[in-house]
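Numbering-wise, full-length UniProt numbering puts 84 at position 84 of the sequence shown, and it's gapless, one number per residue.
Beta carbons: idealized from backbone N, C-alpha and C, even for Gly.
Notes for the one structure printed next.
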Amino acid sequence: MNQKMLKFHKLSSNLFLFFTFFSSFVGSHVLTYFGCSQEKFQPNTPFETNLNFLLSSFVSSSSQTLYNSFAIGNDTNAPLNSAVYGLYQCRGDLMTPECTQCVKYAVSRVGVACPYSYSGTLQLEQCLVRFENYDFLGKLDTSVTFKKCSKGVSHDVQSVKRRDDVLFELGEAPQGFRVSSSGLVQGFSQCLGDLNPNDCSSCLDEAISKLKSLCGSSEAGDVFLAQCYMRYWTAGYYDSHSSIKNHQMMTMWEKQSP
């Protein structure tokens, strides 16, 4: 199957079912979004065995590094349709114990969110886990997986300029992760660890373009592309009911646990 067919397959069958809410940027278990393929695998198959091994590898590796990718069951002697490819990544400002905690939780949730799915992505506030039944690793993909814009907008020219200054700095992330601030505007950006510097720059450039076109002059905006993300906000924009809504939604999320 060629790359175009793979990409089309991903866009047509991985219909993202977004479960989203405003985040106050605290807590590793705050859900940003998740998405699953409609195609399902049968239990007790080689694919399930390989997927379980992949997810356990995420957890063990996260005690050593904030990012890693794996390909399981893709050798020539493996059973047909048993290969699984995946990665995890923690936010670039985390220590490894925090990373492990987040990845452990994400691994425990992705099976609940995407039962028996061939593809699954779960983005928490502090980490991401993703698996697919085709090799997506290291291949630039700037499709939008999630976006959020605040209802509040700024009509102040200087505030918009500070936002643009922050976005410009966030677009230059040679180490794959960057934070920036200008006045009351703050933000951070990150690329997946499998992107080379040029592809990381291309992905972040696209994220800036999407934020400006989708969020306009919003006081805060998040855009997650398949291989990078960028977020900015104006200090104090989160209103008082955000934390209440977070608690209510997290309670619903926890109740999905078997």
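Helix, strand or coil at residue i [DSSP, three-state]
| i | result |
| --- | --- |
| residue 58 | helix |
| residue 134 | coil |
| residue 36 | strand |
| residue 158 | helix |
| residue 63 | coil |
| residue 146 | strand |
| residue 163 | helix |
| residue 52 | helix |
| residue 263 | Residue coverage of the chain in this structure runs from 1 to 258, which leaves residue 263 outside it and unanswerable. |
| residue 121 | strand |
| residue 180 | strand |
| residue 107 | helix |
| residue 30 | coil |
| residue 41 | coil |
| residue 75 | coil |
| residue 141 | coil |
| residue 93 | coil |
| residue 114 | coil |
| residue 174 | coil |
| residue 211 | helix |
Residue burial classification, residue i (beta-carbon count within 10 angstroms, cutoff 16)
| i | result |
| --- | --- |
| residue 177 | buried |
| residue 270 | Nothing about residue 270 can be reported from this structure: the residues present for the chain run from 1 to 258 only. |
| residue 69 | buried |
| residue 168 | exposed |
| residue 143 | exposed |
| residue 234 | buried |
| residue 156 | exposed |
| residue 118 | buried |
| residue 154 | buried |
| residue 75 | exposed |
| residue 65 | exposed |
| residue 131 | buried |
| residue 56 | exposed |
| residue 133 | buried |
| residue 136 | buried |
| residue 172 | exposed |
| residue 53 | exposed |
Opposing strand residues paired with residue i [DSSP bridges]
| i | result |
| --- | --- |
| residue 231 | 188 and 222 |
| residue 102 | Looking at the DSSP assignment, residue 102 forms no beta bridge with any residue, so it has no partner. |
| residue 126 | DSSP output for residue 126 lists no bridge partner at all. |
| residue 70 | 86 |
| residue 195 | In DSSP, residue 195 forms no bridge with anything. |
| residue 153 | 218 |
For residue j and residue i, believed in contact at Cβ under 8 Å, the rounded distance
| i | j | result |
| --- | --- | --- |
| residue 98 | residue 32 | That pair is no contact at about 17 Å. |
| residue 170 | residue 230 | 5 Å |
| residue 210 | residue 147 | 7 Å |
| residue 127 | residue 88 | 6 Å |
| residue 166 | residue 181 | 7 Å |
| residue 190 | residue 92 | 6 Å |
| residue 34 | residue 121 | 6 Å |
| residue 46 | residue 73 | 7 Å |
| residue 103 | residue 59 | 6 Å |
Beta carbon proximity, residue i to chain C, threshold 8 Å
| i | result |
| --- | --- |
| residue 155 | Among the protein chains of the structure shown there is no chain C, as only one such chain exists. |
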